Amino acid sequence: MANQLPARPLQWRTWDDFAKWFWKDKNSDDLIEKMNTYAFKRKGATCQRIRKEQDSPTIYGVVIRDDMDVGDWKFCKIGFANISCKPKSEGRMEQLIDNIDSLDIEGKVLFKLPVDFADPGKVYEVANEIRKAVGYPVHKDLAQHLELPNPTDWVLTTLLYIRVLKEAVKRDMETQIVSTKIFTKVKFDQKRAPELPNWLHIRDGKVIRKP
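Using my numbering, the letters of the sequence shown correspond one by one to residues 1 to 211.
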């Protein structure tokens, strides 16, 4: 019958047992189709659904390595691409780094991570949330004053946060696919941050030059 569970040659006693069955042959295709059909019947076309992906939307962070007169702080651009940021792909991230290098300052990739596989949000919404997790948003006027390329979506974060994030990504990579879910546990802590440089301050939640 159409509503019967698939035959199971072995008992799923562990997640590994289930995963082995799921990725064998077309078991995953059949199960995903049934799961999505069930969701559609309950909630219609607006329901959440499951989709297999090999090339996921990506959130990236590019940090300015030069001092920029901000001491223990760093400027970081948080952007997104609708596909993964592959080397030599000439995508948004690569173009940003080229634009930074053209200003005789050095930009380096801090992270490039696929959007959390269980996150139903649009990629630009995910990027907005990650900016909040990484540091203080930088006012567009300040970015333009510093001649930073693409002056929106920059944040000011600390060397301490950068080190903690890099260590967390490296640690998690040993056991799993690291996604943007990591930012739910590795967040910028204002209480542990040093004082802002004396020529900057926070106004309406964003970093801007002092008058």
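C-beta: ideal position from N, C-alpha, C; glycine also.
Model, not experiment: these values are computed from the prediction.
Exercise. Which partner residues does residue 209 have in the DSSP bridge list?
Worked result: For the purposes of this step, residue 209 is taken as residue 209 along the sequence shown, with counting starting at 1. Paired residues: 200.
Problem set entry | Rounded separation between residue 28 and residue 22 - CA only | For the purposes of this step, residue 28 is taken as the residue at position 28 of the sequence shown. For the purposes of this step, residue 22 is taken as the residue at position 22 of the sequence shown. Each residue's Cα considered, the two are about 5 Å apart.
For this session: Compute the distance between the beta-carbons of residue 206 and residue 145, then report whether it is under 8 Å.
Result: As a working mapping, residue 206 is identified with position 206 in the sequence shown. As a working mapping, residue 145 is identified with position 145 in the sequence shown. No.
Exercise. When you compare only the Cα positions, how much space is there between residue 117 and residue 175?
Worked result: Locating residue 117 in the sequence shown gives position 117, counting from the first residue. Locating residue 175 in the sequence shown gives position 175, counting from the first residue. Going by the C-alpha atoms only, they are around 16 Å apart.
Problem set entry | Inter-residue Cα distance where the pair is residue 93 and residue 62 | On the sequence shown, position 93 is the one that residue 93 refers to. On the sequence shown, position 62 is the one that residue 62 refers to. Roughly 8 Å between the two C-alpha positions.
For this session: Check whether the region 187-206 touches the region 69-77, counting contact only when three or more Cβ pairs, one atom from each stretch, lie closer than 8 Å.
Result: yes
For this session: Report the three-state DSSP secondary structure of residue 50 (helix, strand or coil).
Result: Residue numbering aside, residue 50 sits at position 50 when the sequence shown is read from its first letter. Coil at residue 50, not helix or strand.
Exercise. Alpha carbon to alpha carbon, how far is residue 1 from residue 51?
Worked result: By 1-based counting over the sequence shown, the position of residue 1 is 1. By 1-based counting over the sequence shown, the position of residue 51 is 51. Reliability fails at residue 1, whose pLDDT of 46 lies under 50, so the model's placement of it is uncertain and no value is given.
For this session: Report the three-state DSSP secondary structure of residue 130 (helix, strand or coil).
Result: Here residue 130 refers to the residue found at position 130 of the sequence shown. Three-state result, residue 130: helix.
Exercise. If you run the structure through DSSP and keep just helix, strand and coil, what is residue 175?
Worked result: The residue given as residue 175 occupies position 175 in the sequence shown. Coil.
For this session: Report the option in 114, 204 and 143 whose CA atom is closest to the CA atom of residue 54.
Result: Here residue 54 corresponds to residue number 54 of the sequence shown, with the count starting at 1. Distances from the alpha-carbon of residue 54 to those of 114, 204 and 143 put 114 closest.
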